[in-house]
Amino acid sequence: MCPLALFAVFLGQFIFSVKASTLTHKPRVTLTDKDVSFLRIHLSGNNSRIELLQGPRDNIVYATDHINLFQTNFNSSKPSRMLSPVFREECRSNDFTSPDCHYNITVLHKTNDPNQLFLCGTNGQQHTLCCYMNPSDDPFNCTRSKAIQNIQQHINETEPSLLIGSSGVEEFYTTHSGTEGSVGINRFGKNRLWTDNSGTEQRYVSLMASGQREDRLQDRLYAFYIEKNRHPRLDSDLWVPRVAQVCMADRGGPKGYLQFRWTSKLSARLFCGYQDSKLSFTQLVDVNTVLEERWQDTRVYALFRNGWGMSAVCVYTVEDIDRIFKTSNFKGHTGSVPIPRPGKCVEDSTKLPMEVLKMVDKVSEMEERVTSRPLLVTHQYYHHIRVDKVQGKGNVLFLSLGNGGIHKVLERDGHAFIIAELRPFNYRAHILSMMLHSSTGKLYVGSSRELVQIDLGSCEQYGAQCEDCVLARDPYCGWDGHHCTTATNKTIQDVENGNHQVCSNISRGVTASKVYVLRSSGGAADGIRVSQSSKYFLHCPTLSSHAEYSWRHHGNTTATPCISTGSEHQCLLLIESMGPEQQGTYSCVSEERGYHRTLVQYQLQLDSGASGLASHRLPCLGLGLVLTLVLTLLC
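The opening position of the sequence shown corresponds to residue 1 in UniProt numbering, with each subsequent residue numbered one higher.
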């Protein structure tokens, strides 16, 4: 393709992406630690890695860095306890400075025993040990796993992994990214299996079990990853997103062919984008799964980016993925497909026909792609995704931002609504890990030095009126007749539409609008006095970015638009020159989805004092607000 034509394609995609991004709302409200009480626990050191795991009780969370495990309890007077795992028995009493005793924690999982953890550590010699540990022990000693041993592989801290089974008979699945070694999915335990090196660089993002099927023999494991494009062109993407499947019942091939190798591994390309416009997202960043009662309905939420600096969320079901592996043609294969179909789970894979084994070995990619149109497209740069299923009300997505913020997004009937931007840190932070605990309605967020607990049922910040609460469309929140509070079957809400009319028939303890009449600094009852010919400005708080704000003078129907101050959440009205006509009542009015509300009122009166800018009569303002005013006055 010639450079001019290539530029035209990119320009068309960029224009489309701008249009697509305008279809999604910006966060309705922004909530900082000044608006919401976030519980926080300080973690020692300045950590570059934090992994989170829910503990045996609701308020206990395990957080691991490279070498230590923190046991945190948000309800305790001693909220954090640091544990240093001892992976080798000879290190318990001997010199801990020995290089053989230094292991980085690379894996942390729960077991069926609530008082036991499963950890793996890797030392500088690329040696991995996996152990069972009891957090109540002191010292924190390792009991070697009998089933999961001889892991001759360096497990990277970022590799996804799964522990499946009961104590003593677990199977441990992990991935290996890169270009060398057994790149792909590896299994350790009773039946150890690994993948032949494809020679192409792969980076793994997530592992998930398909869920228990009616026929347990057909249970599968899915891996999500990106692969270096084998046939790069000037107009093609560097990475290709893929999903792979393996059967959990796979025992490898017979001696001499695919022995100790997967005989059920197939792969398919993931597509997230708009096929009609050729706009797609290929940089797979993170994956989160929402389990359903039927394994087919389990939903996979995949976070993507593209070369234009945009993010997108696409949703796939296990049924979508399963259908491709069961029905698609094999890429590059023109002959007949052997029976049983390659990739089908069988009782004894060592007895599969040779033609099936050869096809899995040589032609394992599907021709058809697993496709999805984006649920959400934005210019925000997201890093993590976690999803909570709120029964009967939709799913809520939590997407972390590069500045330490989190977007709280409602997904209902294939549409996205950004409820809020949460800012739990009072400094610019990089979120290293997020963990959702659905049963208690808590989100845990880890930075390099803090662990923060976010209460998803904290609702009072949406406002003091029923309409404010309903317009938030937050599935966790409802109006109880007096406050916006944690939703129950008796509270008022309309998550689907945010229709504030559901509030029209309730009895109210207060009026629908709060009016503040500001007096002069001297407390005079006749209002704020402004000197002749002075410039003066009024300011109004703006909570919802989805509302329109305007100023009215003496209740005139012709409204004056606000001067927005952006991040300061204020809108302004500038009085260019104070005179008799500028006296009277000024009201700041918001309108959102037909709900009108007077937010603040000022009474201005002409003062015969010296002329000039009357800024000394105003309350203390934020730096951003002051800069906006200065620029406005200069203009």
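Note that the Cβ used here is the ideal one computed from N, Cα and C, for glycine as well.
Note that the structure is predicted; figures quoted are calculated from it, not measured.
Under 8 Å Cβ to Cβ from Gly-402, same chain only, skipping five residues before and after it: list those, please. Tyr-381, His-383 and His-430
How about Thr-174 and Ser-161: do their beta carbons lie closer than 8 Å? yes
Proximal residues to Ser-198 (C-beta, below 7 Å), its chain only, five neighbours per side dropped: Val-183
Do Ile-418 and Asp-474 have their CB atoms nearer than 8 Å? no
From this set, Thr-111, Gly-594 and Leu-432, which residue's C-alpha is nearest Ile-50's C-alpha? Leu-432
Quick one: what's got a C-beta closer than 8 Å to Asn-104's C-beta in the same chain, skipping five residues either side? His-66, Ile-67, Gly-121, Thr-122, Asn-123 and Glu-157
Bridge partners of Cys-466, per DSSP? Cys-466 is not bridged to any residue.
Name, in chain order, the residues that DSSP records as bridge partners for Trp-194. Arg-261
Looking only at its chain, what residues have a beta carbon closer than 6 Å to the beta carbon of Ile-226, apart from the 5 residues adjacent to it on each side? Arg-203, Trp-239, Pro-241 and Leu-284
So does Pro-135 have its beta carbon nearer than 7 Å to some heavy atom of the ligand SAH? Here there are no bound small molecules, and the ligand SAH is not part of this structure.
Does the Cβ of Val-169 have 16 or more other Cβ atoms within 10 Å, making it buried, or fewer, making it exposed? exposed
Ile-41 versus Asn-59 - alpha carbon distance: 12 Å
Could you tell me how far apart the beta carbons of Lys-535 and Leu-574 are, in whole angstroms, since I believe they sit closer than 8 Å? 7 Å
Cβ contact check for the region 545 to 552 and the region 585 to 600: 3 or more pairs under 8 Å: yes
If you follow the beta strand (DSSP E) that Val-183 is part of, which residue opens it and which one closes it? Segment: none, Val-183 is in no beta strand (DSSP E) and carries neither H nor E.
For Gln-601 and Arg-529, what's the separation of their Cα atoms in angstroms? 14 Å
Where does Ser-336 land, buried or exposed, given buried means 16+ other C-beta within 10 angstroms? exposed
For Gly-523, name the three-state secondary structure that DSSP assigns. Any reading at Gly-523 needs caution, since the residue's pLDDT is 36, under 50, leaving its predicted position unreliable; the model's value is listed next. Here Gly-523 sits in coil by DSSP.
Going by the beta-carbon positions, is the gap between Phe-304 and Val-370 smaller than 8 Å? no
Segment limits, beta strand (DSSP E) that includes Phe-398: 394 to 401
Spell out a yes or no on whether the region 346 to 363 and the region 310 to 320 are touching, meaning 3 or more CB-CB pairs, one atom from each, closer than 8 Å. no
By the DSSP assignment, the beta strand (DSSP E) with Met-578 in it spans what residues? Met-578 -> no beta strand (DSSP E), and no H or E assigned at all.
Check each candidate in Gln-570, Thr-263, Arg-57 and Arg-269 and name the one with the smallest Cα separation from Asn-229. Arg-269
Whole runs of the beta strand (DSSP E) within the region 63 to 116, excluding any shorter than 3 residues: 69 to 73, 80 to 83 and 103 to 110
Among Gly-405, Ser-447, Gln-605 and Asp-607, which one has its Cα closest to the Cα of Asp-33? Gly-405
Mind reading off the beta-carbon distance from Leu-117 to Gly-446? Whole number of angstroms is fine, and I expect it under 8 Å. About 17 Å separates the two Cβ atoms, so there is no contact after all.
Using the C-alpha atoms, what's the distance from Val-470 back to Val-515? At Val-515, the pLDDT of 39 sits below 50, so the modelled position is not reliable; the number obtained from the coordinates is stated separately. In a straight line, the C-alpha of Val-515 is about 21 Å away from that of Val-470.
Look up His-539 in the DSSP assignment and say whether it is helix, strand or coil. strand
Is it buried or exposed for His-554, if we count other Cβ within 10 angstroms and need 16 for buried? exposed
Could you tell me whether the region 340 to 355 touches the region 384 to 400, where touching means 3 or more Cβ pairs closer than 8 Å? no
How big is the Cα-Cα spacing for Arg-341 and His-231? 28 Å
Please classify Val-169: does DSSP put it in a helix, a strand, or coil? coil
Where does Lys-19 fall in DSSP's three states? Bear in mind that the predicted position of Lys-19 carries a pLDDT of just 44, short of 50, making it unreliable; the figure below should be weighed with that in mind. Here Lys-19 sits in helix by DSSP.
Could you tell me how far apart the beta carbons of Cys-345 and Arg-220 are, in whole angstroms, since I believe they sit closer than 8 Å? 7 Å
Taking buried to mean at least 16 other C-beta atoms within 10 Å of its own C-beta, is Asp-196 buried or exposed? exposed
For the putative contact between Gln-493 and Leu-31, defined by C-beta atoms under 8 Å, what is the C-beta separation to the nearest angstrom? Not confirmed; about 18 Å, so no contact.
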